[in-house]
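Using my numbering, the letters of the sequence shown map in sequence onto residues 1461 to 1791. Ideal Cβ positions, reconstructed from N, Cα and C, are used throughout, including at glycine. Read the structure below first, then the notes.
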Amino acid sequence: MKAVAFSRVGGPEVLTWQEVPEPQVGEGQVLVRVEAAGMNFGDTIIRSGKAPFPLEFPFVTACEASGVVERLGAGVTGISVGDRVAAPLFLAGRAGGAAAERIAVDAALLIPLPEGLTFEQGAALTVQGITARWMLDHVPAKGRTVLVHAAAGGVGALLVQLAKQEGARRIVATASTAEKRAEALRLGADVAVDYTQADWSQAVKDATGGLGPDVIYDAVAGDVRKRSLEVLAARGTYVMYGGAGGNAYEPLDAAQMAGLCMKNQFVTGFSGWLMFGDVRRVRADLTALFEEVRAGRLEVVIGARHRMQEAAAAHRALESRATTGKVVLVP
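If you want it as C-alpha cells, here you go:
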C-alpha cells in the first residue's frame, strides 16, 4: 500500500508517495478506501519539525479523510461495506495517517457522508468546519461587528458564512489579493480590505465607523496581530487561532498590555485540539454541518486539488498562502 509520508523533517520535498505497511483492522475498526484527504496548515508545521510532540517515521501526513468502507472488523455494527464516510482521525488523537490508499479507523469515529456531498467536501469540512463552528461558540459574532483575517482561506471562508448566519452586524474581511477579496464578498462579507497595504488598519477603522471591530478572528499573527490590537474596539475581543504570517506566541509588549487594560479589551486563543476529544459533540456538529452543506446553506470552497503523488506541491501552496478555500489530496 502507498501513502504520502516523510522519514525526516524538512521542506515539502521530504514528502514522498511511498510504500508503507498495510493497515491492520482490529476489533471495532473498519478499513476505509480513501477518496480524499484534507490538508491543513498544521500539516506543514508537523512536516517542518515544529510539532510539539515526537514523530514516528515514516509519518503519514493529514488527519482527515473521506472514503468508502471496504471491510469490517470484529464487533462492528451499524456500518456496512460500501458506506460513504468521513474519517476524522484527529478524534483518535492522530495528527496524521489520512493521506494513504487505505486507513483503519475506529468505527465509532466515522460519520456518514450524506448523498449529495462529495468526498472532497467531506474531507474538507472535518477540521476546518469544527474549528470555525466552535470558534464562534467560543466568541460569538451575533450582533457584533467582526473582522475575519485570511477570509478566503479554509477556516476564514467558513467563518464568514457562519458569522453571517449567526447574525453578525457587519463583517469586515481581509485578504491579500483582489480575487480573494472578491471571494470573501461573495461568501457574505460586507467589506473586504487588502491587508498587504500599509493603511489597511485605517481601512478597517473606516469600515467600522471609526469604532473598530468588536471581534477579530486572526490566523495570521505577526504584524497583522499588532495592527489588529490597535484597531480593536473598546470592550472588544481578539481571537488568535493560528500564525500563518508570524509567531502566534510572541508575547505582548507593555504598550499592548496597557491598551488592553485602558480599553477593557480581551485577548483569547482558540485551538480545536483541546476539544477534539469530545467525540459525541464532534460527530453531532459535523453531522449538522454536513446537512447545512447538503441543503445549500453552507459552501465548502475547494481551492485546490492535488493527486496524492503531488502532496509536496500542496504543502508549498499552503506555505505560500496562495490558496483559496480548502486544499485536498485525491487518489
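When Ala1774, Glu1580, Val1464, Gly1470 are compared against Thr1832, the one with the closest alpha-carbon: Beyond the ends of the chain as shown, which are 1461 and 1791, falls residue 1832; an answer cannot be given.
Specify the secondary structure class of Pro1512 as computed by DSSP and reduced to three states. Start at 1 with the first residue of the sequence shown, and residue 1512 comes out as number 52. The answer is coil: DSSP assigns Pro1512 none of H, G, I, E or B.
If you draw a straight line from the alpha carbon of Ser1467 to that of Val1742, how long is it in whole angstroms? Along the sequence shown, one-based indexing puts residue 1467 at 7. Along the sequence shown, one-based indexing puts residue 1742 at 282. Looking at the two C-alpha atoms, the distance is approximately 31 Å.
In this structure, does DSSP put Gly1502 in helix, strand or coil? By one-based count along the sequence shown, residue 1502 stands at place 42. In this structure, Gly1502 counts as helix in the three-state DSSP scheme.
Quick one: Cα of Asp1654 to Cα of Glu1779, how far? As a first step, residue 1654 is located in the sequence shown; it is residue number 194 there, counting from the start. As a first step, residue 1779 is located in the sequence shown; it is residue number 319 there, counting from the start. Spanning the two alpha carbons is a distance of roughly 19 Å.
8 Å contact criterion, which Leu1758 and Ala1522 should meet: CB distance rounded: For the purposes of this step, residue 1758 is taken as the residue at position 298 of the sequence shown. For the purposes of this step, residue 1522 is taken as the residue at position 62 of the sequence shown. Not really, about 22 Å apart at Cβ, beyond 8 Å.
Quick one: what does DSSP say Met1700 is sitting in, helix, strand or coil? On the sequence shown, residue 1700 is found 240 positions in, with the first residue counted as 1. In this structure, Met1700 counts as strand in the three-state DSSP scheme.
Does DSSP classify Glu1495 as helix, strand or coil? Along the sequence shown, one-based indexing puts residue 1495 at 35. Three-state DSSP puts Glu1495 in a strand.
When the distance is taken between beta carbons, is Arg1554 closer than 7 Å to Pro1483? If you number the sequence shown from 1, residue 1483 lands on position 23. If you number the sequence shown from 1, residue 1554 lands on position 94. Taking 7 Å as the Cβ cut-off, Pro1483 and Arg1554 do not qualify as a contacting pair.
Could you give the first and the last residue of the continuous alpha helix (DSSP H) run that contains Ser1526? Residue 1526 sits at position 66 when you count from the first residue of the sequence shown. Not the alpha helix (DSSP H): Ser1526 falls in the beta strand (DSSP E), residues 1524-1532.
Could you check whether Ala1708 and Arg1781 sit closer than 7 Å to each other, using their CB atoms as the reference points? Within the sequence shown, residue 1781 is the residue found at index 321, counting from 1. Within the sequence shown, residue 1708 is the residue found at index 248, counting from 1. No.
When you compare only the Cα positions, how much space is there between Lys1723 and Arg1695? Here residue 1723 refers to the residue found at position 263 of the sequence shown. Here residue 1695 refers to the residue found at position 235 of the sequence shown. Each residue's alpha carbon lies about 6 Å from the other.
Under a Cβ-count criterion, where at least 16 other Cβ atoms within 10 Å of its own Cβ denotes burial, should Val1541 be classed as buried or exposed? Indexing the sequence shown from 1 puts residue 1541 at position 81. Val1541 comes out exposed.
Counting pairs of Cβ atoms below 8 Å between the segment 1572-1587 and the segment 1635-1644, do you hit three or more? no
Between the Cα of Glu1516 and the Cα atoms of Gly1556, Ala1693, Leu1622, which residue gives the shortest distance? In the sequence shown, residue 1516 corresponds to position 56, counting from 1. If we check each option's Cα against that of Glu1516, Gly1556 comes out closest.
Mind checking Lys1602: buried by the 16 CB within 10 Å criterion, or exposed? Within the sequence shown, residue 1602 is the residue found at index 142, counting from 1. With fewer than 16 other Cβ atoms within 10 Å, it is exposed.
With DSSP as the reference, please indicate the residues paired to Lys1602 in a beta bridge. Counted from its first residue, the sequence shown places residue 1602 at position 142. Beta-bridge pairing links Lys1602 to Ala1628.
Quick check: what's the CA-CA separation for Gly1732 versus Ala1744? What you label residue 1732 is simply residue 272 of the sequence shown in a count that begins at 1. What you label residue 1744 is simply residue 284 of the sequence shown in a count that begins at 1. Spanning the two alpha carbons is a distance of roughly 15 Å.
List the DSSP bridge partners of Gln1489. Within the sequence shown, numbered from 1, the residue matching residue 1489 stands at position 29. Note: Gln1489 sits in a beta bridge opposite Asp1566.
Which class does Glu1643 belong to by DSSP, given the choice of helix, strand or coil? Residue mapping note: residue 1643 aligns to position 183 of the sequence shown, counting from 1. Glu1643 falls in the helix class under three-state DSSP.
Does the beta-carbon of Ala1592 have 16 or more other beta-carbons within 10 angstroms, so that it is buried, or is it exposed? Working through the sequence shown from its first residue, we reach residue 1592 at position 132. Buried.
Rank Ala1649, Pro1711, Gly1719, Tyr1677 by C-alpha distance to the C-alpha of Leu1730 and give the top, closest one. As a working mapping, residue 1730 is identified with position 270 in the sequence shown. According to the sequence provided, residue 1730 is Phe. The question's Leu does not apply to it. Among Ala1649, Pro1711, Gly1719, Tyr1677, the Cα nearest to that of Phe1730 belongs to Tyr1677.
Sort Arg1754, Val1680, Val1684 by Cα distance to Gln1662 and report the nearest one. The sequence position of residue 1662 within the sequence shown is 202, counting from 1. If we check each option's Cα against that of Gln1662, Val1684 comes out closest.
For Gly1616 and Val1608, believed in contact at Cβ under 8 Å, the rounded distance: Numbered from its first residue, the sequence shown carries residue 1608 at position 148. Numbered from its first residue, the sequence shown carries residue 1616 at position 156. Confirmed, about 5 Å.
Per-residue DSSP class, three states only, for Arg1765: Within the sequence shown, residue 1765 is the residue found at index 305, counting from 1. Strand.
Distance between Val1565 and Phe1750 (C-alpha atoms, nearest Å): Residue mapping note: residue 1750 aligns to position 290 of the sequence shown, counting from 1. Residue mapping note: residue 1565 aligns to position 105 of the sequence shown, counting from 1. C-alpha separation (whole angstroms): 20 Å.
Please confirm whether Ala1764 has its beta-carbon closer than 7 Å to some beta-carbon of chain C. Here chain C cannot be found, since the structure has a single protein chain.
Please state the DSSP three-state secondary structure of Thr1634. Translated into positions along the sequence shown, residue 1634 becomes position 174. Three-state DSSP puts Thr1634 in a strand.
Rounded C-alpha distance that separates Ala1584 from Ile1762: The residue given as residue 1584 occupies position 124 in the sequence shown. The residue given as residue 1762 occupies position 302 in the sequence shown. Roughly 8 Å between the two C-alpha positions.
On a CA-only basis, which of Val1739, Phe1579, Asp1713, Ala1658 is nearest Phe1765? Give me that one, please. Along the sequence shown, read from residue 1 onward, the residue named residue 1765 stands at position 305. The sequence shown places Arg at residue 1765, rather than the Phe named in the question. For Arg1765, the nearest C-alpha among the options comes from Phe1579.
Can you find the residues in the same chain that come closer than 8 Å, C-beta to C-beta, to Asp1503, ignoring five residues on each side of it along the sequence? Along the sequence shown, read from residue 1 onward, the residue named residue 1503 stands at position 43. Around Asp1503: Thr1521, Ala1522, Cys1523, Gly1556, His1775, Leu1778.
What residue does the beta strand (DSSP E) around Trp1477 start on, and which one ends it? Here residue 1477 corresponds to residue number 17 of the sequence shown, with the count starting at 1. Segment 1476-1479, the beta strand (DSSP E) holding Trp1477.
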